[in-house]
Every structure is written in C-alpha cells, then in structure tokens.
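Be aware that the sequence shown starts at 1, since it is given in the UniProt record's numbering, and climbs by one per residue.
Below: one structure, written as structure tokens.
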Amino acid sequence: MFLLTHNQNPKYLSYALSTHNAKLQKQKYAKEGAIVSISTNGLKKIKIPLPPLKIQEQISEILDSFRELVRELVRELVRELVRELETELKLRKKQYRYYLNKLISDVIEKGWGEYKTLGEIYTEIYRGVRVTNSQIGSGDYPCTTPGSISNAFSVWFDCCNFKINPSLIKNPKYFEYGDLLFVTSSQIMRTIGDCCAYLGSERAIAGADILVLKHNQNPKYLAYALSTHESKKQKTKFATGEAVIHLYSSNIKKLKIPLPPLEIQEQIANSLDKLRELCEDLEKGIPREIELANKRYEYYRDLLITGHNN
C-alpha cells in the first residue's frame with residue numbers, strides 16, 4: 001500500500017485512476033510473482049488527464065451524480081431484464097416439461113414401443129462407495145457425488161465435479177460413458193431417484209448414495225424417460241424412510257418406462273435436448289445481463305474522464 005500526497009482533487013484522481021486506460025498502465029508496470037505488485041516508480045509513471053482544479057471538481061461532481069444515476073438505471077435495467085428472463089424461463093420450463101412427458105408417453109400411445117422395467121434393461125447394477133471430504137482433491141482421478149446429479153434440467157453430464165486418488169479408496173466403484181447414475185439417498189423427496197447419463201470420455205468413481213446402471217440403450221433417452229412426471233411418481237411410491245429417504249436397487253429395477261427402438265430413442269432425445277438447452281441458456285442469461293449492465297457503467301465512466309472508452 002502506498003500513500004500519495006498531492007494538491008489535486010482526491011475524488012477526481014480516484015476516478016481517473018480507475019479508468020480502463022489507467023488499469024492498463026498499472027498492468028504494464030506491475031511485476032508478476034507469487035504476488036503481483038507494483039513499485040513506487042511504476043506508479044509514478046502512470047499518466048492521467050489532469051485539468052485545472054476547478055474542472056476536476058466539476059468532473060467529480062458530475063461523476064458522483066452520474067454514478068448514482070447510472071447505478072439506479074442499471075439496477076432498474078437489471079430488474080427489468082431479470083423479470084423478463086425469469087418469465088421467459090418459467091414458460092420454457094413449462095413447455096419443456098410438457099413435451100418431455102408427451103414425447104415419452106407417445107411411445108406407448110402411438111405404438112412405437114412397449115413398457116419395460118429397468119430390471120429388464122440393465123446389464124449390470126451396483127452402488128458407489130463412500131468418499132470422505134479429506135479424500136477430495138487428493139489426486140487427479142474424476143469422481144462425482146449426488147449433488148451433481150440432482151438438477152432439474154441436467155439429464156446428462158460429461159465432467160465430474162471432484163478429483164481424488166483412487167488408491168485411498170477401498171474397492172472403488174467406477175462408471176463410464178453411457179452409464180446411468182441414480183441418487184439413492186436424500187433428505188428431499190423430490191430429488192430421490194434423480195438420474196443422469198454420463199457422457200464423459202474418462203472413467204470415473206461413483207461416490208456414496210449413487211447407483212450405477214449399465215445398459216445397451218440410448219443413455220440420454222433413458223435419462224429423459226426417468227425424469228418424467230410418471231417416473232417421479234413411481235420413485236416416490238418405492239421410496240422409504242423419513243428423515244433420510246432411500247431408494248434401493250431392488251426398487252429401481254421395478255421402475256417402468258416406455259422403450260421404443262434405438263432409432264426412435266435417439267430422435268426423442270435430440271428433440272428434448274433442444275428445449276433443455278434453451279432453458280439452460282436462459283438461466284445463464286440472468287447473471288450475464290447483470291454483468292453487461294455493470295460494464296455499461298464502466299464504459300460511460302471512462303468516456304467522461306478520458307474522452308474515449310479504451
């Protein structure tokens with residue numbers, strides 16, 4: 001930290017030294033290391049526009065008023081954009097759920113396939129193993145937990161949220177491309193039995209409270225079919241427990257879904273992908289709009305001080 005003694009308007013200097021141009025100069029004179037730092041000599045080299053004191057004071061007053069005005073405008077803009085995005089997102093989620101349930105039920109209603117239990121579909125089924133907090137980050141082998149699976153619009157994932165050292169785990173249980181992963185224990189009924197298809201290229205370790213199911217079907221289609229309203233009703237019916245709710249493998253095998261030929265499975269999955277991606281894009285759009293609004297404020301602040309925005 002440096003203390004700079006001067007005879008200028010302090011507010012003006014503060015504004016001038018926070019512009020994009022000033023930041024670029026600071027980066028130019030900064031020295032990289034374990035901690036990035038800038039020397040006194042480096043600070044002395046930074047150039048800023050310096051009008052007479054009276055003009056400095058006027059610019060500072062304008063910027064003070066401008067900052068509050070822009071902040072209020074930005075807040076209102078963000079509120080309006082967020083309201084619009086949330087309304088659009090709500091409609092798209094409703095549309096997504098409607099088409100999800102309809103396309104899967106059409107398999108039976110239009111004679112594209114028949115009901116099958118997961119017990120008739122699976123080729124192998126097993127539970128994951130306990131992974132402790134101390135083991136997380138201990139290596140570079142991918143691992144996932146139930147929290148990664150319980151997401152209303154995530155029917156598949158290709159990247160795990162943790163890395164561990166498999167040698168620290170007794171009898172690790174692995175999953176690979178195409179496998180289905182189920183949440184088998186939860187404190188929330190609506191998340192019990194949540195299911196995702198794994199589409200990553202790396203073999204990974206399944207954590208506790210995850211059931212791995214291998215099969216020869218389209219993984220995305222199965223994940224979609226297992227997230228319909230009808231499927232959720234079955235999971236609720238078979239779930240047991242109060243404080244902690246469980247869904248055992250014996251009951252997961254009883255879950256019944258419409259199963260068409262592989263070609264139709266792929267068509268349905270591709271159609272639902274488009275709607276799901278739209279919902280996810282809208283969810284990402286809310287923080288993106290907030291970020292853009294903040295950048296607008298920075299743009300006009302720089303423009304007022306330097307006469308240009310970069």
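Where is the CB? At the ideal position from N, CA and C, for every residue including glycine.
C-alpha gap between residue i and residue j, whole angstroms
i: residue 246; j: residue 236; result: 10 angstroms
i: residue 129; j: residue 208; result: 5 angstroms
i: residue 73; j: residue 292; result: 13 angstroms
i: residue 127; j: residue 252; result: 12 angstroms
i: residue 232; j: residue 190; result: 8 angstroms
i: residue 43; j: residue 134; result: 44 angstroms
i: residue 276; j: residue 52; result: 58 angstroms
i: residue 165; j: residue 181; result: 21 angstroms
i: residue 122; j: residue 116; result: 11 angstroms
i: residue 86; j: residue 260; result: 35 angstroms
i: residue 211; j: residue 188; result: 17 angstroms
i: residue 68; j: residue 40; result: 33 angstroms
i: residue 77; j: residue 215; result: 49 angstroms
i: residue 282; j: residue 5; result: 49 angstroms
i: residue 125; j: residue 249; result: 8 angstroms
i: residue 105; j: residue 227; result: 12 angstroms
i: residue 132; j: residue 243; result: 22 angstroms
i: residue 149; j: residue 298; result: 38 angstroms
i: residue 96; j: residue 15; result: 48 angstroms
i: residue 153; j: residue 49; result: Per-residue confidence for residue 153 stands at a pLDDT of 46, beneath the threshold of 50, marking its modelled position as unreliable; no derived number is given.
i: residue 318; j: residue 199; result: The shown model of the chain, from 1 to 310, leaves out residue 318, and the question about it has no answer.
i: residue 162; j: residue 111; result: 43 angstroms
i: residue 144; j: residue 266; result: 26 angstroms
i: residue 61; j: residue 54; result: 11 angstroms
i: residue 19; j: residue 288; result: 22 angstroms
i: residue 146; j: residue 160; result: 11 angstroms
i: residue 71; j: residue 79; result: 12 angstroms
i: residue 156; j: residue 197; result: 4 angstroms
i: residue 75; j: residue 240; result: 47 angstroms
i: residue 194; j: residue 295; result: 39 angstroms
i: residue 274; j: residue 84; result: 21 angstroms
i: residue 35; j: residue 264; result: 57 angstroms
i: residue 284; j: residue 109; result: 36 angstroms
Residues near residue i by beta carbon distance below 6 angstroms, same chain, minus five either side
i: residue 186; result: 192 and 245
i: residue 103; result: 268
i: residue 7; result: none
i: residue 230; result: none
i: residue 31; result: 37
i: residue 107; result: 113, 258 and 260
i: residue 101; result: 228 and 229
i: residue 184; result: 209, 211 and 247
Minimum Cβ-Cβ distance from residue i to chain D less than 8 angstroms
i: residue 79; result: Absent from the structure is chain D; it holds one protein chain and no more.
Proximity below 8 angstroms, CB of residue i to CB of residue j
i: residue 141; j: residue 205; result: yes
i: residue 257; j: residue 225; result: yes
i: residue 213; j: residue 179; result: yes
i: residue 89; j: residue 279; result: yes
i: residue 272; j: residue 98; result: no
Nonlocal neighbours in the same chain, by C-beta distance under 7 angstroms from residue i, ignoring five residues either side
i: residue 203; result: 174 and 176
i: residue 93; result: 279
i: residue 56; result: 8, 9 and 12
i: residue 172; result: 129, 166 and 205
Own chain partners of residue i with C-beta closer than 8 angstroms, once the 5 adjacent residues on each side are dropped
i: residue 170; result: 129
i: residue 46; result: 17, 22, 25, 26 and 29
i: residue 168; result: 135, 138 and 139
i: residue 254; result: 117, 118, 119, 234 and 238
i: residue 262; result: 217 and 218
i: residue 2; result: 40 and 43
Opposing strand residues paired with residue i [DSSP bridges]
i: residue 279; result: DSSP lists no partner for residue 279.
i: residue 212; result: 126 and 181
i: residue 186; result: 245
i: residue 117; result: 256
i: residue 240; result: 246
i: residue 205; result: 143 and 174
i: residue 198; result: 157
Taking only runs of the beta strand (DSSP E) that begin and end inside the segment 121 to 173, which ones reach a length of at least 3 residues, in chain order?
-> 124 to 127, 141 to 144 and 162 to 164
4 or more residues per run - each alpha helix (DSSP H) lying fully within the segment 17 to 63 = 20 to 29 and 40 to 44
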